[in-house]
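> Below: one structure in structure tokens.
Protein chains: 4
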Amino acid sequence: MNEKNFKLVEGIISRSYVSQAQQASRQRENLLTELLAQRRLPEEGWDDYTIQCVLRDLSQMDSNNFIENVGVGDREARVYSSIVRDRHFGLAHGLGRSGDLLAEQPKAAGSSLISKLAHYLVKDILKTSGLTTVKSCLIVPMATTMTIALVLMSLRQKKPEARFVLFPRMDQKACFKSIYAAGLTPIVIPNVLQDDEIRTDLEELERVIAERGSDQILAVLSTTSCFAPRAPDRIIEIAIQCAKWDIGHVINNAYGLQSTRCSHLIVESSRLGRVDAFVQSTDKNLLVPVGGAIVAACSSQGESILREISQLYPGRASVSPLLDVFITALSMGSSGYKSLLRERKEMFEFCKNKMREVMEKYGEKVLDTPNNPFSMAVTLRNYCIEGSATHIGSKLFTRFVSGVRVVDGKSSKTINGVTFEGYESHIDRYPHPYFTISCTIGITKEDIEGFIERLDKDSQPN
Amino acid sequence: MNEKNFKLVEGIISRSYVSQAQQASRQRENLLTELLAQRRLPEEGWDDYTIQCVLRDLSQMDSNNFIENVGVGDREARVYSSIVRDRHFGLAHGLGRSGDLLAEQPKAAGSSLISKLAHYLVKDILKTSGLTTVKSCLIVPMATTMTIALVLMSLRQKKPEARFVLFPRMDQKACFKSIYAAGLTPIVIPNVLQDDEIRTDLEELERVIAERGSDQILAVLSTTSCFAPRAPDRIIEIAIQCAKWDIGHVINNAYGLQSTRCSHLIVESSRLGRVDAFVQSTDKNLLVPVGGAIVAACSSQGESILREISQLYPGRASVSPLLDVFITALSMGSSGYKSLLRERKEMFEFCKNKMREVMEKYGEKVLDTPNNPFSMAVTLRNYCIEGSATHIGSKLFTRFVSGVRVVDGKSSKTINGVTFEGYESHIDRYPHPYFTISCTIGITKEDIEGFIERLDKDSQPN
Amino acid sequence: MNEKNFKLVEGIISRSYVSQAQQASRQRENLLTELLAQRRLPEEGWDDYTIQCVLRDLSQMDSNNFIENVGVGDREARVYSSIVRDRHFGLAHGLGRSGDLLAEQPKAAGSSLISKLAHYLVKDILKTSGLTTVKSCLIVPMATTMTIALVLMSLRQKKPEARFVLFPRMDQKACFKSIYAAGLTPIVIPNVLQDDEIRTDLEELERVIAERGSDQILAVLSTTSCFAPRAPDRIIEIAIQCAKWDIGHVINNAYGLQSTRCSHLIVESSRLGRVDAFVQSTDKNLLVPVGGAIVAACSSQGESILREISQLYPGRASVSPLLDVFITALSMGSSGYKSLLRERKEMFEFCKNKMREVMEKYGEKVLDTPNNPFSMAVTLRNYCIEGSATHIGSKLFTRFVSGVRVVDGKSSKTINGVTFEGYESHIDRYPHPYFTISCTIGITKEDIEGFIERLDKDSQPN
Amino acid sequence: MNEKNFKLVEGIISRSYVSQAQQASRQRENLLTELLAQRRLPEEGWDDYTIQCVLRDLSQMDSNNFIENVGVGDREARVYSSIVRDRHFGLAHGLGRSGDLLAEQPKAAGSSLISKLAHYLVKDILKTSGLTTVKSCLIVPMATTMTIALVLMSLRQKKPEARFVLFPRMDQKACFKSIYAAGLTPIVIPNVLQDDEIRTDLEELERVIAERGSDQILAVLSTTSCFAPRAPDRIIEIAIQCAKWDIGHVINNAYGLQSTRCSHLIVESSRLGRVDAFVQSTDKNLLVPVGGAIVAACSSQGESILREISQLYPGRASVSPLLDVFITALSMGSSGYKSLLRERKEMFEFCKNKMREVMEKYGEKVLDTPNNPFSMAVTLRNYCIEGSATHIGSKLFTRFVSGVRVVDGKSSKTINGVTFEGYESHIDRYPHPYFTISCTIGITKEDIEGFIERLDKDSQPN
């Protein structure tokens with residue numbers, strides 16, 4: 001309530017109560033003041049009530065919410081359903097303008113402001129995650145892999161003749177397809193096995209570059225977060241190669257933000273070699289619904305790439321994924337986000353120990369994958385469930401465990417004409433079948449205990 | 001409530017009241033039954049209450065909402081903020097899977113079902129709009145123009161050597177840029193003036209095709225909905241040419257769904273010539289927040305293009321824009337949507353008459369643009385506001401009128417190296433300055449009267 | 001958003017957009033300014049968005065919503081469930097203090113303000129309903145009839161020896177019981193039949209007063225709104241008698257606010273005779289959920305009675321019913337409320353005509369009850385449904401028609417020792433059976449047509 | 001979703017996903033099944049999502065939410081504002097019928113069911129609080145003290161000649177006034193000082209009974225929860241006296257449910273003597289907004305009194321306070337409620353220790369009040385804040401500490417003609433000034449630490 005209205009209230013109820021209320025009201029307003037002035041994560045997360053107040057304040061700045069507004073344009077952000085209007089807090093104009101995702105909209109000062117603030121908050125989140133040298137970031141309302149396609153398309157504009165993208169093998173369809181979506185051709189670089197762990201074959205990578213010629217190669221698309229027994233790619237060494245050969249380097253850091261180790265690898269890669277941009281999912285890292293990605297860069301060169309990407313997306317985009325991030329960042333605060341990161345790490349260790357304990361009873365081994373901070377894999381030599389080893393994923397799913405993947409290494413798959421032997425293994429032939437799981441942000445002790453219990457129940461050595 | 005629970009309730013309150021309530025509960029369930037069985041718009045729109053009940057029922061089908069679910073995958077749709085969770089009704093898994101926007105998600109039966117149903121409803125909406133021969137449609141959670149880029153990228157996969165897209169001039173930046181976003185090169189086809197109206201130059205179009213060679217040309221990108229005095233493109237004739245020369249044809253039908261005349265043009269174009277796909281905005285046509293587009297096709301060939309487009313988008317996408325469409329379609333119902341279409345048409349006539357009445361006082365003329373069913377333009381020879389003719393748009397904006405565009409035809413603009421003389425005129429030199437407005441779906445009598453009043457107030461002949 | 005925050009926003013997005021938004025934000029704030037300054041119904045109803053903003057602003061004034069608040073009292077308005085907190089907009093301290101419903105609460109300036117404003121708005125609603133001379137009103141979070149008991153208890157404090165309340169017969173249990181709830185003894189005054197209509201027997205009333213002695217009689221409890229063929233009591237004449245004999249007069253105006261004719265009767269009664277207070281339901285008149293009543297008075301004496309009533313209720317009361325009234329009053333606005341009154345009247349006439357049309361087919365008559373503006377009754381001589389006349393109420397209820405009451409005049413009922421012959425007839429013996437219905441505020445043409453149709457369907461002359 | 005609809009869904013998405021979802025949907029339905037079958041607190045609290053689903057299911061059972069309903073009665077539960085409708089989940093018919101708060105409503109099976117279930121849950125809560133022998137309870141949508149008045153009015157119906165209520169002095173205005181609200185006359189029984197603690201004077205009580213004669217005395221109104229240094233009344237001994245003299249006994253157990261010690265006292269009082277009913281607040285004990293009270297009894301006789309009370313309230317009452325209790329009980333579950341009780345007890349000890357630690361620095365003493373489990377009092381001999389001892393309550397309030405009461409024992413107050421010396425001390429003359437605070441359910445460590453810190457800051461010995 002503004003000063004004038006508070007004054008009028010004093011004519012209705014006792015001045016001293018009003019003055020107390022006014023002071024309290026200012027304290028809440030000061031949270032917004034701090035956000036606008038400092039433009040970073042609040043130390044403590046805001047309560048839902050404050051967030052809702054601020055969202056209402058900001059959405060009031062969009063013209064479709066002006067009480068006197070009349071609209072005679074082609075796009076006036078009229079919303080038919082009150083369910084829809086309410087769920088978007090009256091924000092309807094979307095993001096960006098005239099082919100620039102970051103451009104302000106004259107009709108939507110509130111949405112524009114939310115976009116700016118969300119970008120500040122996300123930059124702070126990236127730093128908190130260990131990406132201390134991050135220069136710039138861009139929130140894109142598209143899937144991580146579609147965003148990777150956009151990054152590649154942007155790179156291509158500078159090196160239009162280069163058709164190839166080198167792809168250290170990572171058996172995920174969407175990521176592989178993003179290269180085609182950008183109108184480019186992938187060259188898969190097979191991995192190598194080091195003890196239990198699957199790692200990037202740097203020699204093969206360099207060999208292919210030399211063979212094809214660096215002017216034919218647009219970029220390397222490397223990966224950090226992945227399922228064990230694959231390890232994150234050796235991105236520092238890749239970055240050094242890319243710098244050496246003047247080749248682009250895009251890192252798929254899908255859910256890597258959750259681990260300061262991944263962040264450290266990216267910082268070092270950017271410092272010692274070339275990283276054009278790295279892309280991460282909003283849903284997997286920030287606990288929002290699927291729908292957005294964050295492109296970021298640690299170099300000044302990367303900064304200009306981000307600007308280009310924002311100008312490559314023609315038209316207005318949904319503000320919804322960015323809004324989820326904005327709300328969540330304010331709700332977490334810096335300390336809340338740090339707790340989540342710490343807890344995830346603890347849960348990973350907790351899970352690994354529990355897993356060892358239980359699966360050794362069945363003569364199984366938790367594979368030794370020291371470089372993968374998210375995921376663990378367990379051999380499937382004896383263990384089975386309801387008489388089947390290969391179907392334990394679906395069996396567990398009917399017991400309401402989601403996320404277990406069984407890999408027998410025997411199937412092959414062809415995507416856009418490229419055949420992957422031992423699909424899902426990230427390598428043609430892995431020594432044994434296994435199942436793999438992940439401990440990602442937000443996982444709880446109850447999740448892990450519930451999983452281990454259902455894993456153990458009714459199961460027997462084969 | 002299920003039968004068993006109703007039975008138990010009979011032990012607590014009188015059987016006859018319970019039986020009445022159970023019957024009423026079934027009536028509401030029957031609305032869903034009808035939707036699932038008939039898969040088209042309900043005749044009458046559903047009340048918000050029913051919609052919310054159904055959304056809850058469907059979101060309960062997603063694994064993250066199962067009460068016994070434990071998740072050990074990389075993506076478990078955990079949502080941190082309850083504000084965020086509530087605004088998405090607990091739907092968090094997004095759309096699509098493994099690089100197919102239409103693929104079902106095992107973890108998200110509810111979201112998958114909403115997606116299927118939304119597609120059925122949108123197809124019915126298209127038919128109701130007059131697109132009676134529509135074969136297939138695809139809801140894409142991206143801007144209209146980004147979606148056009150996706151369509152062009154999809155076409156290019158079949159004709160990889162064709163680099164050019166013919167673009168009958170339409171001065172909207174995002175649309176023009178969509179061609180670049182697809183990695184292609186536009187060739188602008190200048191328009192011609194016919195009396196007051198700006199129209200497609202079909203001869204020039206054919207001349208360019210012949211000159212460049214049809215194998216160099218991927219597609220024509222034509223436009224239906226646009227600002228007067230430009231008329232919708234002559235898409236029937238363009239379609240015939242495209243068929244003749246075996247060139248793709250994509251129609252930007254941005255807000256064309258609102259006019260059965262546009263729909264008729266598309267139906268005829270598809271019947272007599274070639275139309276690969278036409279793209280429209282969800283926000284402009286269906287009164288939802290910015291964020292989505294609909295690609296549709298009337299031909300079997302188009303149907304297969306749509307499938308390819310859905311497989312071109314790698315990764316999972318936000319379900320949010322599609323959800324808005326789903327809610328809105330159920331809320332409108334067939335009769336509600338028809339009323340909106342009818343009222344828009346009436347308002348367009350009402351506005352044109354009012355405009356003539358008022359602006360003739362200032363010696364201005366409402367331009368004669370019989371082919372544009374959305375927009376009208378008024379000369380600016382004498383009329384000015386606060387002493388300025390060119391700034392009447394911004395002046396009116398400060399009076400809370402949004403959407404008025406003043407075009408003086410004197411500015412030129414260069415986008416991606418291409419220069420447009422008389423930018424915003426759609427033609428190098430239009431005889432006089434004018435302003436242009438639109439009457440789009442959802443516009444009310446109050447909007448028009450409010451606009452006319454503020455237009456008239458404080459203004460004077462120059 | 002406050003000035004300081006708007007200033008900071010100018011460092012983030014363009015000043016001109018911010019300034020426009022600030023101006024629009026002020027327009028919305030001005031609605032509240034107007035309410036605080038004028039303290040009456042807004043001419044036009046507020047949109048839901050504005051109402052929600054204001055509710056948030058006001059609830060921020062309660063100490064439990066202060067972000068820095070710590071509480072060490074016995075009542076700190078902590079709320080466990082966020083569902084509960086949200087549905088009350090964070091308002092948790094209730095109404096009143098130390099045995100005064102109207103007292104301000106130091107911990108709850110916001111709730112106190114809402115209470116004051118709601119009282120201003122309700123006073124304005126009463127005036128709009130035709131109660132032009134109303135002096136004072138009190139919103140009580142209890143049933144109408146419990147509130148009547150409270151009024152009687154309050155009157156008794158001034159005339160402690162008077163034990164009797166005269167009650168012109170009105171066959172509604174709760175109302176009759178309210179006399180007992182106040183610890184008093186009713187004397188039922190039988191009605192008389194005038195043509196089809198049942199009316200107050202003024203002579204019998206005066207006879208009883210004379211017989212018992214006016215010092216034994218605390219008050220007359222009269223009724224305006226009731227089911228046809230009973231008419232509103234002759235309250236003007238009763239008021240004159242009460243003045244003459246120095247007896248209290250309380251009017252049960254349950255749903256009488258909907259008819260300016262009832263209001264007129266009350267105004268005249270207050271002018272020409274004695275009316276201590278009149279009581280009406282919030283739910284029946286203002287379309288809110290059941291839970292509150294309004295006591296009002298047109299005389300200065302009544303004003304002081306209202307103060308006493310507010311001090312008679314010990315303890316804090318639920319703010320919830322008052323909050324519903326506050327929201328609804330702002331949402332209706334003066335013009336919205338007037339429309340509702342007008343439409344109800346039109347619907348009453350519409351229904352009566354339709355009813356005549358249909359029921360005459362069955363040889364039935366709409367009873368001639370010119371003094372009842374809400375309700376109508378129809379004879380049941382031939383008409384029956386599924387072979388039964390007496391059960392048409394329950395039959396229609398299973399066809400989802402609620403509110404039809406069949407009165408066969410044959411049953412008698414004993415309440416607290418008093419026997420009513422021909423219970424529900426308001427008279428011992430009504431000439432024929434009939435059914436009675438009401439057209440109350442908010443009724444729609446669809447209601448009436450739906451009712452008439454189901455009444456007509458499958459029915460036949462007996 | 002019902003079986004039929006799930007079947008239809010199988011025609012749209014894969015059967016195996018549907019079957020999984022159906023199974024999960026049943027798990028949620030089973031929570032309701034369990035509630036309906038067992039009619040007690042769930043062991044674990046329900047998540048908000050489940051509660052909202054159940055509320056929707058139940059509100060669908062009320063006729064105003066039937067989609068085909070047409071209403072022609074005087075009360076059709078139409079709700080004007082969608083804000084209002086939504087906040088009550090569409091429940092609008094209120095509680096009770098024809099002067100019985102517990103009666104089922106034909107038009108509102110859902111509301112009726114909620115009422116029944118809420119009563120079962122509250123009974124279970126009472127048991128969990130230690131009231132193991134509770135026979136019956138009644139949730140009343142009125143203030144605790146108004147409810148006490150209702151209980152007294154109900155008792156009076158059986159002993160109409162008894163005018164007096166004995167009231168062991170408790171300096172709270174609303175409670176004292178409740179006796180007058182019931183039309184009765186209080187006789188205050190002064191307390192005695194035992195060391196630091198203020199206790200019931202049993203001898204004086206018996207003396208007054210003997211003096212007045214037990215047939216003149218309707219009841220004793222005793223108190224459990226109160227501010228230190230007053231202790232809970234000696235209710236066991238009072239109950240024995242009441243049994244001996246055949247006098248009613250009503251216990252004001254305002255916030256006593258929070259302490260198993262109070263519950264134990266009530267159980268023993270009921271076992272060894274006479275307790276007609278005990279009354280407690282819903283807001284103070286169950287963390288809901290102000291608005292309701294619970295009357296309960298451990299004896300069969302009490303059970304019949306409760307039935308009478310429910311029939312004494314004429315008319316329909318707001319369901320809102322009961323609904324808050326229903327939601328909160330489901331949200332807490334048995335284990336959640338037990339945790340709250342345990343934590344409160346711990347916080348009380350924590351606070352007492354902290355208080356001693358800090359206030360001894362100022363030479364103050366935490367008074368020795370071993371019988372009061374909620375509240376503690378601290379002498380004010382030296383401590384002052386901003387130069388004032390008497391105003392530390394208001395000073396702390398401006399520092400956002402609510403609930404501190406300073407008692408200097410010097411003021412006297414006259415209520416309804418009765419003068420209390422040393423008002424707020426519960427005794428004419430307490431040896432020293434003090435302040436008193438409470439640790440009630442929901443209090444957190446942050447509250448206590450925040451309070452102690454602000455108490456200590458800027459303060460100095462006098």
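Residue numbers (the UniProt record's numbering), protein chains in the order written: chain A, 1 to 462; chain B, 1 to 462; chain C, 1 to 462; chain D, 1 to 462.
Even glycine gets a Cβ: it sits at the ideal position worked out from N, Cα and C.
Under 9 Å Cβ-Cβ, which residues of chain B neighbour Gln-22(C)?
Here the premise fails: no neighbours, minimum Cβ distance about 12 Å.
> Using the three-state DSSP reduction, which class does Val-404(D) fall into: helix, strand or coil?
coil
> Locate the beta strand (DSSP E) running through Thr-390(B), then write down its first and last residues.
Unbroken run through Thr-390(B): none, as it is neither H nor E.
> Please classify Glu-357(D) as buried or exposed, where buried requires at least 16 other C-beta atoms within 10 Å of its C-beta.
exposed
> From the beta carbon of Asn-462(C), is the nearest beta carbon of chain B less than 9 Å away?
In this prediction, Asn-462(C) scores a pLDDT of 47, lower than 50, which makes its location untrustworthy; no coordinate-derived value is stated.
> Are there 16 or more other CB atoms within 10 angstroms of the CB of Ser-402(C), so buried, or fewer, so exposed?
buried
> Just curious, the alpha helix (DSSP H) that Met-142(A) is in, first and last residue?
Note, Met-142(A): premise wrong, no alpha helix (DSSP H); not H, not E.
> Looking at the unbroken beta strand (DSSP E) that takes in Arg-199(A), where does it start and where does it end?
197 to 199
> Kindly confirm or deny that the region 319 to 328 of chain D and the region 408 to 426 of chain D touch, where touching means at least three C-beta pairs closer than 8 Å.
With contact defined as three or more Cβ pairs closer than 8 Å, the region 319 to 328 of chain D and the region 408 to 426 of chain D are not in contact.
> Might you give, ordered along the chain, the residues of its own chain that have their beta carbon closer than 8 Å to the beta carbon of Val-220(C), omitting 5 neighbours on each side?
Val-165, Leu-166, Phe-167, Pro-168, Leu-205, Ile-238, Gln-241, Cys-242, Ile-247, Gly-248, His-249 and Val-250
> Straight-line CA distance for Gly-315(B) to Asp-171(B)?
33 Å
> Can you tell me which residues form a DSSP beta bridge with His-249(B)?
Val-220(B)
> Can you list, in chain order, the residues of its chain whose CB lies under 7 Å from that of Arg-261(B), leaving out five sequence neighbours each side?
Shown here for Arg-261(B): same chain residues with a beta carbon closer than 7 Å to its own, the five before and five after excluded, namely Pro-373 in chain order.
> Taking all protein chains shown into account, do 16 or more other C-beta atoms lie within 10 angstroms of the C-beta of Pro-370(C), making it buried, or fewer, making it exposed?
With a 10 Å radius around the Cβ and a threshold of 16 neighbouring Cβ atoms, Pro-370(C) comes out exposed.
> Just how far apart, CA to CA, sit residue 542(A) and Leu-55(A)?
In the structure as shown, chain A starts at 1 and stops at 462, and residue 542(A) therefore has no counterpart that could be examined.
> I'd like the ranges of any alpha helix (DSSP H) spanning at least 4 consecutive residues and lying wholly in the region 51 to 120 of chain B.
82 to 87
> Taking the straight line between their C-alpha atoms, what separation do you get for Ile-448(D) and Val-140(B)?
53 Å
> Tell me the rounded alpha-carbon separation between Lys-395(C) and Gln-22(B).
Lys-395(C) and Gln-22(B): Cα-Cα distance of roughly 16 Å.
> Buried or exposed for Glu-211(D), going by 16 or more other Cβ atoms inside 10 Å?
exposed
> Residues in the same chain with beta-carbon distance under 6 Å from Asn-65(C), minus the five sequence neighbours each way, listed in chain order, please.
Setting aside the 5 residues that flank it on each side, Asn-65(C) is surrounded in the same chain by Ser-59 and Gly-90, each with a C-beta closer than 6 Å to its C-beta; the list follows chain order.
> Compare the beta carbon distance of residue 478(D) and Ile-236(D) with 9 Å and say whether it is the shorter of the two.
The structure shown does not extend to residue 478(D), since chain D spans only 1 to 462, so no value can be given for it.
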